[in-house]
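Okay, so here's the structure we're looking at.
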Amino acid sequence: MFKPLLIICFALFVGMYIKAATYNVKDFGAKANGKNIDSPAINAAILEAEKNGGGTIYIPAGEYLCYSIRLKSNITIYLESGATIVAAFPGAGKDEGYDAAEPNPDNPYQDFGHSHWQNSLMWAIGEKNITICGSGLIYGKGLTREESRLPGVGNKAIAFKECHNITLRDISMLRCGHFAVIATGVDNLTITNVRVDTNRDGFDIDCCRNVRITDCSINTPWDDAIVLKSSYGLRYFKDTQNVTISGCYVSGFDNGTAYTAQWETDEPQAPDHGFTVGRIKFGTESSGGFKNIAITNCIFERCRGLALEVVDGGHMEDLVISNITMRDIVNAPIFLRLGARQRSPKSTPIGAMRRININNINVYNADSQYSCIISGIPGHCIEDVSFSNINIYFKGGFTEEDGKRVVPENETVYPEPWMFGTIPASGFYVRHARKILFDNVRFHFAEKDKRPLFIFDDVEKSDISNIRVNGIKVENPFTAH
Amino acid sequence: MRNLVVLWMLILSMSIMAQMRDFQVITPELTGTLRLGLIRQNESLWLSDYKKIAAKKNGTETIYTIKHEWLNKGSIRISTKPLLDTHGFVMKIETTDIPASIHLFWAFGGCLGEVINLTGDENSLKPEFCKDNVFSIEGNSFTVYYGTSRKLRILEALVPPDSDVRLSDAHQQQTPLSFFNSGKKNDAPALAALTPLKNNEAVYFCFYKQNPKADYNYFMLPELYKKGSYEVHSETQWMKSTPD
């Protein structure tokens, strides 16, 4: 008799405790009707949870029209299946919009989007232990991907600055403005099983330490899918380091059609006029460095190729990129650039790229104009890079005359493969580099390409072995076509 | 009016009956063409095909008054003014006593990015001018990217709320309705849209090159139309635009 009573009392206590730790936003006035602005109710729930030491903000099914949601420490935002947070369009009134972009005097070293965090749908600065999870959707309908500086305009879905212990799990994100997620100066960041289909960048991981990105699908036809950066947005240098990206799919299908599983391909052009983007990239902002990073088991489709860029003074060191397959690549499948744009505080020295291991890469149907590029600048070589087990099916079709082109240095130019014009090599163009190793690299050309397979210019201590074209072993890769 | 010409080449000192032409944004390159039409259920017409439109010039403002059998005894008044702080123009459309069945049709595209000679008699929203125009539509605003990757150009636009805007095929401009229903599978992308018109309620368009003094939202357009300029909130002054 006494024992069952004790169990009931214990169960009631546990139930009360759980109830106390969970805050249903409807209890705070959220209407979930897609018309009311529900962010004040959600923010009230967050503040109440914060006051009580933390908890779960429960967002049941419904459509929650919102401006800025201010995330706090020790909070889990749980988006139930059928729940959608919809970014509202800014209105005409003083309070009808997103939080104002905070001042950042170092704006000129990176673009506006990287320099401000508060003008976002969901943001946190200097907080810790935050999780956003559940099967719901974050729909950035009223966010801009463009350059308006008006008060009230929001341009990012989720923004974290100088936070730690952050997890994003299971959610979907649609049409998110400049960034679906921007994390700047975040330590211990996990993004797992997140689906993104957005009109500019997917995940921007900027000056972050210890990052796990796993099992995510990111469709970003108009900009990069997963981007590691090291900007000067924090107003100090910080490397992006100890990052793994694994099991991810990046693509460039028409906006919104990956989310609806329609996979449309009617819009080949991106706003920058370099065709669909949707890739994994390091840079462009690279004032700090990139250290100790592994990318593995990832898929690229209908997008640009892998781009590793250091142009603002940072050091890129100790990378392993392996087990990647790509199809329908619209520019260089592999692009490594050490440049001297130097959008960093004055006297920042030119950066470095070294100790990079790229292996087990398969590419099908890649555009041939820019082949693959590894280019440092005079006096600043890319060092110690190995390529092994690489298999590339190029479209081909370029002429002997194209093989005679002189490639401009363009040391300070914004890095994209098109910065060099048509590349005179059909396979790899390597310049200002040393200790570059190629082993078991196989090329296939759908159309005959009369440019030389490899061009080395200012390259030292480098080896090429076991090269094949259309299945036939090549004796001299510098004269082979 | 600096380099901008809202090409409405008939400079009139008095009201006359005329044929209305499309609106071209010249900066001095051809930065796009706005075409207007009317839709009544399953019928549609281009205003540029209608030969009896009263046109009047009043300083920098150009005013067109449209009367048509579809409008019964009502009328549509279209007025344009150039912007003072940037290349661009703002347009106001007002209606009086028009039937509820009338929708405004508008199309924009053909951002060529090159200086060309325009005769003024032909439609300058040509399919060949539309190639690689990329439209980013955000509610009732859009941005169009044109030119080349090495010489990229951008134009901003604000259009009436409640417009049903579609990416469409500039090859199919026989009528506004054929344009509106043409679909996005094409090599000549342009925008086509339907906008409901309400009596005694003005709607606005604005096409402009963005700069620190010219950064607009739709609610600003009535004042922008009156003054040709809108003072941007002072908090934005410190935010300098930098390229990515």
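Top to bottom, those sequences are chains A and B.
Using the working numbering, the first residue of the first sequence is number -4, and each one after it goes up by one.
Using the working numbering, the first residue of the second sequence is number 673, and each one after it goes up by one.
We put the beta carbon where it would ideally sit given N, CA and C, even for glycine.
Cβ closer than 9 Å: which chain B residues qualify as neighbours of residue i?
i              : result
R463 (chain A) : Neighbours of R463 (chain A) on chain B: none; closest Cβ ~33 Å, over 9 Å.
A220 (chain A) : Within 9 Å Cβ-Cβ: nothing; A220 (chain A) doesn't reach chain B, min ~15 Å.
K194 (chain A) : Rather than Lys, the amino acid found at residue 194 (chain A) in this sequence is Asn. Those are S808 and E810, listed as they occur along chain B.
Is residue i close to chain B? Criterion is C-beta to C-beta, closer than 8 Å.
i              : result
S381 (chain A) : no
D295 (chain A) : The sequence as given places Phe at residue 295 (chain A); Asp does not occur at that position. It does not: the Cβ of F295 (chain A) has no partner Cβ on chain B nearer than 8 Å.
F84 (chain A)  : yes
N214 (chain A) : no
T139 (chain A) : yes
T474 (chain A) : no
A87 (chain A)  : yes
F174 (chain A) : no
Spell out whether any CB of chain A is found under 8 Å from the CB atom of residue i.
i              : result
S901 (chain B) : no
E786 (chain B) : no
L896 (chain B) : no
V665 (chain B) : Missing from the structure shown is residue 665 (chain B); chain B here goes from 673 to 916 and no further.
K857 (chain B) : yes
F801 (chain B) : no
T703 (chain B) : no
L824 (chain B) : yes
T815 (chain B) : yes
F891 (chain B) : yes
Which two residues bound the contiguous alpha helix (DSSP H) that contains residue i?
i              : result
H740 (chain B) : Looking at the DSSP string, H740 (chain B) is not in any alpha helix (DSSP H), and its letter there is neither H nor E.
F107 (chain A) : F107 to S110
E122 (chain A) : Unbroken run through E122 (chain A): none, as it is neither H nor E.
P894 (chain B) : L893 to K899
A44 (chain A)  : S34 to K46
C367 (chain A) : Per DSSP, C367 (chain A) belongs to no alpha helix (DSSP H); it is in the beta strand (DSSP E), C367 to S370.
E800 (chain B) : P799 to C802
L132 (chain A) : Segment L132 to Y134 is the beta strand (DSSP E) holding L132 (chain A); no alpha helix (DSSP H) there.
Which class does residue i belong to by DSSP, given the choice of helix, strand or coil?
i              : result
P868 (chain B) : strand
S840 (chain B) : strand
N326 (chain A) : coil
N675 (chain B) : The predicted position of N675 (chain B) is uncertain, since its pLDDT is 38 and thus under 50; no value can be drawn from it.
N714 (chain B) : coil
E411 (chain A) : coil
S687 (chain B) : Residue confidence for S687 (chain B) is low, a pLDDT of 45 falling below 50, so the modelled location carries little weight and cannot support an answer.
F84 (chain A)  : coil
N524 (chain A) : Shown here, chain A extends from -4 to 476; a query on residue 524 (chain A) therefore has no answer.
Y890 (chain B) : helix
K156 (chain A) : strand
D721 (chain B) : helix
S709 (chain B) : This sequence places Gly at residue 709 (chain B); Ser is not what is there. G709 (chain B) falls in the strand class under three-state DSSP.
P861 (chain B) : strand
M16 (chain A)  : In the sequence on display, residue 16 (chain A) carries Ala and not Met. Here A16 (chain A) sits in helix by DSSP.
L849 (chain B) : helix
Could you check where the beta strand (DSSP E) with residue i kicks off and where it finishes?
i              : result
C878 (chain B) : V875 to Y880
N355 (chain A) : A347 to A361
N432 (chain A) : One detail in the question is off: residue 432 (chain A) reads as Leu in this sequence, not Asn. Looking at the DSSP string, the run of the beta strand (DSSP E) that includes L432 (chain A) is F423 to E442.
F807 (chain B) : V806 to E810
T791 (chain B) : Run containing T791 (chain B): none; DSSP gives neither H nor E here.
Taking residue i as the query, report the chain A residues whose CB atoms sit under 9 Å from its CB, ordered along the chain.
i              : result
Q844 (chain B) : Near Q844 (chain B) there are no residues of chain A at all, since even the closest Cβ is about 15 Å away, more than 9 Å.
V762 (chain B) : Residues of chain A passing the Cβ test: none, with the nearest at roughly 17 Å.
T758 (chain B) : The contacting residues do not exist; T758 (chain B) stays about 14 Å from chain A at best.
F780 (chain B) : In chain order: nothing, as chain A lies at least about 16 Å away.
T820 (chain B) : H268
Is the beta carbon of residue i within less than 7 Å of some heavy atom of the ligand SAM?
i              : result
L314 (chain A) : By its list of ligands, the structure shown contains no ligand whatsoever, and the ligand SAM lies outside what it can speak to.
Using a Cβ-Cβ cut-off of less than 8 Å, give me the residues of the region 253 to 276 of chain A that come near chain B, in sequence order. Residues passing the 8 Å Cβ filter: D261, E262, Q264, A265, P266, D267, H268 and G269.
So if I threshold CB-CB distances at 9 Å, which residues from the region 298 to 319 of chain A count as touching chain B? With the criterion set as a beta carbon lying under 9 Å from some beta carbon of chain B, the region 298 to 319 of chain A has no members that meet it.
Contact residues within the region 866 to 882 of chain B, judged by C-beta distance below 9 Å to chain A: Listed in sequence order: Q882.
When you check each C-beta in the region 392 to 413 of chain A against every C-beta of chain B, which residues fall closer than 9 Å? If the cut-off is 9 Å between Cβ atoms, the region 392 to 413 of chain A has Y409, E411 and W413 near chain B.
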